[in-house]
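Q:
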Amino acid sequence: MFQETFAAELANRIGSTVEIATDNNLVEGILSSVTPELVLVLEVNDGYGGNIKIYLSLGAINFVRFPQAA
Numbered sequence: 001m002f003q004e005t006f007a008a009e010l011a012n013r014i015g016s017t018v019e020i021a022t023d024n025n026l027v028e029g030i031l032s033s034v035t036p037e038l039v040l041v042l043e044v045n046d047g048y049g050g051n052i053k054i055y056l057s058l059g060a061i062n063f064v065r066f067p068q069a070a
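Just so we're aligned, residue 1 is where the sequence shown starts under the numbering used here, counting upward by one.
1. How is the alpha helix (DSSP H) around threonine 35 delimited, first residue to last?
2. Contact between the segment 54-64 and the segment 36-44: three or more CB pairs below 8 Å?
3. Give the secondary structure of phenylalanine 63 by DSSP, where H, G and I count as helix, E and B as strand, and everything else as coil.
4. Since asparagine 62 and alanine 21 should fall inside the 8 Å C-beta cutoff, what is the C-beta to C-beta distance between them, to a whole number of angstroms?
5. Please list the terminal residues of the continuous alpha helix (DSSP H) segment that includes leucine 10.
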């Protein structure tokens, strides 16, 4: 039940800048899409090669932060 609520809240924030922490990583980027099982974050690459797509399992997420611009 919590995972459904969590996915719905994240889906409301698609397009926002996000920081997502798992046990092993801190992913920063743009929240691109949310399914009942996965989250897609686009890491913005300042150099060549375009954006990097990172798929995260909802169950692996420890916390999510939406940083505010100063």
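All C-beta atoms in this analysis are idealised placements derived from N, C-alpha and C, irrespective of residue type, glycine included.
A: According to the data block:
1. As a first step, residue 35 must be located in the sequence shown, where it is residue number 35. For threonine 35, no alpha helix (DSSP H) segment is defined, and its DSSP state is neither H nor E.
2. Taking a cut-off of 8 Å for Cβ pairs, the segment 54-64 and the segment 36-44 touch, as three or more such pairs fall below it.
3. Here residue 63 is taken as the residue at index 63 of the sequence shown, counted from 1. Strand, per DSSP.
4. Locating residue 62 in the sequence shown gives position 62, where the first residue counts as 1. Locating residue 21 in the sequence shown gives position 21, where the first residue counts as 1. Contact flag correct, Cβ pair sits at about 5 Å.
5. By 1-based counting over the sequence shown, the position of residue 10 is 10. Start and end: 2-11.
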